[in-house]
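**Q** Residue numbers for the sequence shown follow the working numbering, so the first one is 39 and each next one is one higher. Virtual Cβ for every residue (Gly too), placed ideally from N, Cα, C. These numbers were taken from a predicted model, which means no experiment stands behind them. Once you've had a glance at the structure underneath, I'll fire off some questions.
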Amino acid sequence: MRARLLSLLVTAAVASLGAQAAVTDAMIDNDAKTPADILSNGLGPQGQRHSSLKQITRENIGRLAPVWAFSFGGEKQRGQEAQPMIHDGRMFVTASYSRIYALDVKTGKRLWKYEHRLPDGIMPCCDVINRGAALYDNLVIFCTLDAQLVALDQKTGDVVWKEKIDDYSAGYSYTAAPLIAGGLLLTGVSGGEFGVVGRVEARNPRTGEMVWSRPVVEGHMGYRYDKDGKQIENGVSGTPGKSWPGDLWKTGGAATWLGGTYDPKTGLAYFGTGNPSPWNSHLRKGDNLYSCSTVAIDVKTGKIVWHYQNTPNDGWDFDGVNEFVTFEDGGRVLGAKADRNGFFYVNDAKTGQLVNAFPFVKKLTWATGIDLKTGRPNYVPENRPGDPTKGADGKKGEVVFSAPSFLGGKNQMPMAYSPETKLFYVPANEWGMEIWNEPITYKKGAAYLGAGFTIKTLGDGPIGSLRAVDPKSGKIVWEVSNDAPLWGGVLTTAGNLVFWGTPEGYLKAADAKTGEVVWQFQTGSGVVAPPVTWDQNGEQWVAVVSGWGGAVPLWGGDVAKKVNYLEQGGMVWVFRLMK
Ligand code: CA
Ligand code: CA
39 MRARLLSLLV
49 TAAVASLGAQ
59 AAVTDAMIDN
69 DAKTPADILS
79 NGLGPQGQRH
89 SSLKQITREN
99 IGRLAPVWAF
109 SFGGEKQRGQ
119 EAQPMIHDGR
129 MFVTASYSRI
139 YALDVKTGKR
149 LWKYEHRLPD
159 GIMPCCDVIN
169 RGAALYDNLV
179 IFCTLDAQLV
189 ALDQKTGDVV
199 WKEKIDDYSA
209 GYSYTAAPLI
219 AGGLLLTGVS
229 GGEFGVVGRV
239 EARNPRTGEM
249 VWSRPVVEGH
259 MGYRYDKDGK
269 QIENGVSGTP
279 GKSWPGDLWK
289 TGGAATWLGG
299 TYDPKTGLAY
309 FGTGNPSPWN
319 SHLRKGDNLY
329 SCSTVAIDVK
339 TGKIVWHYQN
349 TPNDGWDFDG
359 VNEFVTFEDG
369 GRVLGAKADR
379 NGFFYVNDAK
389 TGQLVNAFPF
399 VKKLTWATGI
409 DLKTGRPNYV
419 PENRPGDPTK
429 GADGKKGEVV
439 FSAPSFLGGK
449 NQMPMAYSPE
459 TKLFYVPANE
469 WGMEIWNEPI
479 TYKKGAAYLG
489 AGFTIKTLGD
499 GPIGSLRAVD
509 PKSGKIVWEV
519 SNDAPLWGGV
529 LTTAGNLVFW
539 GTPEGYLKAA
549 DAKTGEVVWQ
559 FQTGSGVVAP
569 PVTWDQNGEQ
579 WVAVVSGWGG
589 AVPLWGGDVA
599 KKVNYLEQGG
609 MVWVFRLMK
């Protein structure tokens with residue numbers, strides 16, 4: 039009798055643990071409202087990166103100090119751009135070279151690690167980084183530099199399923215965190231500099247089986263898949279031949295390399311798309327849909343409901359991949375995006391209608407503004423890089439100076455939104471480039487740019503600036519400048535604080551209303567990842583990954599030289615208020 043009772047109790051305990059451990063769609067949809075865990079990239083699929091926690095304030099933040107730190111170890115360091123996930127006593131965090139770790143969230147003790155075996159021929163454009171994982175049911179799922187998806191058991195780290203996204207030898211890779219939306223696992227592709235075809239794919243997160251695929255280059259066929267995996271046509275994206283000349287759409291780029299956001303209120307997933315391929319815009323007369331756009335996809339059908347193109351016929355590598363962060367304004371759901379091209383856009387999240395657009399950087403050469411009626415930029419034609427066939431020798435087009443540089447007014451580092459201050463906090467950079475076009479033909483697995491460039495500083499002053507942006511007035515309410523370009527993301531809290539990291543190694547916090555810096559901590563290497571916060575048994579804890587790298591040291595020209603003293607690393611830091 040006693041043994042039976044014990045066994046019943048054990049069964050009940052296991053059942054309740056199991057129920058707690060399984061991550062459901064409802065838990066992910068409500069992630070922003072449950073501060074005891076972090077189940078999505080963006081602290082909520084809407085991507086606001088805002089926490090309702092208010093234990094840490096400007097008054098007590100002087101007591102914020104490390105609880106533990108963990109090294110990714112090995113000889114492999116390089117850029118660390120991941121957002122940690124927190125669930126059921128574990129932290130899941132990805133690292134450079136397609137590695138993932140499960141740590142005891144209380145102590146930092148390593149529970150397991152998985153190192154993906156990478157082939158020699160991978161072609162990541164912008165460092166061997168990874169931006170994080172997705173959680174679903176009992177799985178943790180991440181993407182790899184050789185364009186694969188790996189799902190592991192959260193408890194053991196055992197591989198449950200593995201699927202190939204595409205052929206790495208054709209330039210495909212994937213580094214963004216997967217997105218869970220409406221019971222599906224949504225991923226994109228990286229490889230916009232290799233003439234890949236951008237798309238969004240939906241899979242069954244439990245098995246990896248494909249459900250639908252939606253190309254974001256106009257002219258390509260979308261598909262859905264039945265229970266047996268049979269491919270069924272699901273409508274062409276756009277109108278073939280309309281916005282692309284000749285066959286260029288076949289290798290049109292528009293890589294969806296930064297992943298997406300999702301708002302359960304609209305049922306739409308929002309993916310940003312990268313540059314059209316190749317970079318030389320004179321070869322591709324037309325808008326080149328859906329490159330450099332926000333594309334809203336109905337997750338139930340896999341169809342494009344609306345698109346808004348930030349940079350039609352892009353000639354500057356102004357990838358439009360930046361996150362579309364939804365927020366409420368009265369009864370309306372809006373979405374905001376701080377684009378690489380230097381403009382901040384606000385669109386209706388249901389229809390795509392442009393509501394507002396204004397610059398969030400100070401120097402902008404390629405357009406004088408965005409026409410709010412037509413939604414199109416007012417171009418400065420003489421500041422578009424020249425046609426190489428019209429150059430003196432037919433080999434090099436006119437060199438132009440452009441600001442922002444292709445590294446962007448903002449790049450991969452996610453901004454945050456505070457429903458309390460109603461401000462967006464944008465990690466911005468002020469820099470320019472010399473850029474010119476050259477002849478190019480597509481060759482599988484080779485860089486497909488047709489352009490040359492040098493990144494330039496705009497003077498001796500600071501390059502980075504964390505800016506509090508009012509989406510209504512278009513005003514920069516405050517800013518905190520930074521010598522090196524900002525490359526990490528932002529977090530806001532109901533404690534009226536904004537957290538962000540710098541390449542100089544600091545995790546900083548400022549008053550969300552005034553921008554006064556109230557705390558900083560030196561992590562020992564550059565921070566190029568977004569901080570997170572959660573409720574750890576009644577205490578507010580903060581974490582960030584540290585490890586300098588990413589695109590700047592590789593492609594940054596004069597800026598890379600300016601910051602070449604920065605050291606690489608690979609650490610997770612966790613903080614709490616000391617008594
Ligand atoms: Ca949560
Ligand atoms: Ca690009």
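Is it true that the stretch 281–289 meets the stretch 58–68, where meeting means three or more beta-carbon pairs spaced less than 8 Å apart?
**A** No, the stretch 281–289 is not in contact with the stretch 58–68.
**Q** Do the CB positions of Gly159 and Tyr486 come within less than 9 Å of each other?
**A** No, these two residues do not count as a Cβ contact at 9 Å.
**Q** Quick check on the burial criterion: 16 or more other C-beta atoms within 10 angstroms. Buried or exposed for Tyr174?
**A** Tyr174 comes out buried.
**Q** Output yes or no for whether 9 Å exceeds the beta carbon distance between Pro162 and Leu183.
**A** Yes, the pair counts as a contact, with Cβ atoms nearer than the cut-off.
**Q** Under 8 Å: do the stretch 303–315 and the stretch 262–272 share three or more Cβ pairs, one atom per stretch?
**A** No, they do not touch.
**Q** Helix, strand or coil, according to DSSP, for Phe110 in the structure here?
**A** Residue state, collapsed to three classes: coil.
**Q** Rounded to whole angstroms, what's the CA-CA distance from Ala140 to Gln121? Just pull it up for me.
**A** So the alpha carbons of these two residues sit roughly 13 Å apart.
**Q** Less than 8 Å separating the Cβ of Asp355 from some heavy atom of ligand 2?
**A** Checking every heavy atom of ligand 2 against the Cβ of Asp355, one is found closer than 8 Å.
**Q** Say the cut is 8 Å; is the CB of Asn313 nearer than that to a heavy atom of ligand 2?
**A** Answer for Asn313: yes, Cβ within range of ligand 2.
**Q** Check Phe232 in the structure and name its three-state DSSP category.
**A** Phe232: helix per DSSP, three-state reduction.
**Q** Determine the contact status of Leu296 and Val359, defining contact as a CB-CB distance below 9 Å.
**A** Cβ atoms of Leu296 and Val359: closer than 9 Å.
**Q** Specify the secondary structure class of Asn520 as computed by DSSP and reduced to three states.
**A** Looking at Asn520 - three-state DSSP - the assignment turns out to be strand.
**Q** What does the alpha-carbon distance come out to for the pair Ala50 and Thr62?
**A** In this predicted model, Ala50 has a pLDDT of only 46, less than 50, meaning its place in the structure is not dependable; the value taken from the coordinates is given anyway. If I take the Cα positions, the gap works out to 20 Å.
**Q** Less than 9 Å separating the beta-carbons of Gly527 and Met453?
**A** For Gly527 and Met453, yes; Cβs fall inside 9 Å.
**Q** Should the stretch 552–566 be regarded as contacting the stretch 470–490, the criterion being three or more beta carbon pairs within less than 8 Å?
**A** The stretch 552–566, when compared against the stretch 470–490, does not touch it at the 8 Å Cβ threshold.
**Q** Taking 8 Å as the cut-off, is the CB of Gly92 close to at least one heavy atom of ligand 1?
**A** According to the sequence shown, residue 92 is Lys rather than Gly. No, since every heavy atom of ligand 1 falls outside the 8 Å radius drawn around the Cβ of Lys92.
**Q** Enumerated in chain order, which unbroken segments of the beta strand (DSSP E) with a length of 3 residues or greater are wholly contained in the stretch 105–186?
**A** Listed in chain order, the complete beta strand (DSSP E) runs (minimum 3 residues) inside the stretch 105–186 are 123–125, 128–133, 137–142, 148–153, 172–174 and 177–181.
**Q** State the Cα-Cα distance for the pair Ser443 and Ile179, rounded to the nearest angstrom.
**A** Their Cα atoms are separated by approximately 33 Å.
**Q** Can you tell me whether His320 is helix, strand or coil according to DSSP?
**A** In this structure, His320 counts as helix in the three-state DSSP scheme.
**Q** Quick one: is Asn602 buried, meaning 16 or more other Cβ sit within 10 Å of its Cβ, or exposed?
**A** Exposed, because fewer than 16 other Cβ atoms sit within 10 Å of the Cβ of Asn602.
**Q** When you get a sec, list the residues whose CB is within less than 5 Å of any heavy atom of ligand 3, chain order please.
**A** Looking at this structure, you won't find ligand 3 anywhere; what it does contain is ligand 1 and ligand 2.
**Q** Name, in chain order, the residues that DSSP records as bridge partners for Ala581.
**A** In the DSSP output, where bridge partners are listed per residue, Ala581 has Val570 and Val612.
**Q** Which one or two residues does DSSP pair with Ser89 in a beta bridge?
**A** Bridge partners of Ser89: Thr531.
**Q** Helix, strand or coil for Ile501, going by three-state DSSP, please let me know.
**A** Three-state result, Ile501: coil.
**Q** Is the beta carbon of Met259 sitting closer than 9 Å to the one on Val274?
**A** Result yes, Cβ atoms of Met259 and Val274 sit closer than 9 Å.
**Q** Pull up the distance between the alpha-carbon of Lys200 and that of Val188, whole angstroms please.
**A** Distance between the alpha carbons of Lys200 and Val188 is about 5 Å.
**Q** Shorter than 9 Å from the beta carbon of Ala387 to some beta carbon of chain E?
**A** The structure shown has no chain E; it contains just one protein chain.
**Q** For Glu119 versus Val507, is the C-beta distance shorter than 9 Å?
**A** Cβ atoms of Glu119 and Val507: not closer than 9 Å.
**Q** Any heavy atom of ligand 2 closer than 8 Å to the beta-carbon of Glu231?
**A** Yes, ligand 2 has a heavy atom inside 8 Å of this Cβ.
**Q** Which class does Trp538 belong to by DSSP, given the choice of helix, strand or coil?
**A** Looking at Trp538 - three-state DSSP - the assignment turns out to be strand.
**Q** Is Asp196 buried or exposed, if buried means 16 or more other CB atoms sit within 10 Å of its CB?
**A** The residue in question, Asp196, is exposed, as its Cβ has fewer than 16 Cβ neighbours within 10 Å.
**Q** With a threshold of 8 Å, establish whether the CB of Ala567 neighbours any heavy atom of ligand 2.
**A** Outside the cutoff, so no.
**Q** Can you tell me the Cα-Cα spacing of Gly447 and His154, whole angstroms?
**A** Their Cα atoms are separated by approximately 33 Å.
**Q** Please go through the same chain and pick out, in chain order, the residues whose beta-carbon is closer than 6 Å to the beta-carbon of Gln391, but skip the five residues on each side of it.
**A** Nothing meets the Cβ criterion.
**Q** Any heavy atom of ligand 2 closer than 8 Å to the beta-carbon of Phe444?
**A** Answer for Phe444: yes, Cβ within range of ligand 2.
**Q** Please tell me whether, using a cut-off of 8 Å, the distance from the CB of Ala214 to the nearest non-hydrogen atom of ligand 2 is below it.
**A** It does not: the Cβ of Ala214 is nowhere closer than 8 Å to a heavy atom of ligand 2.
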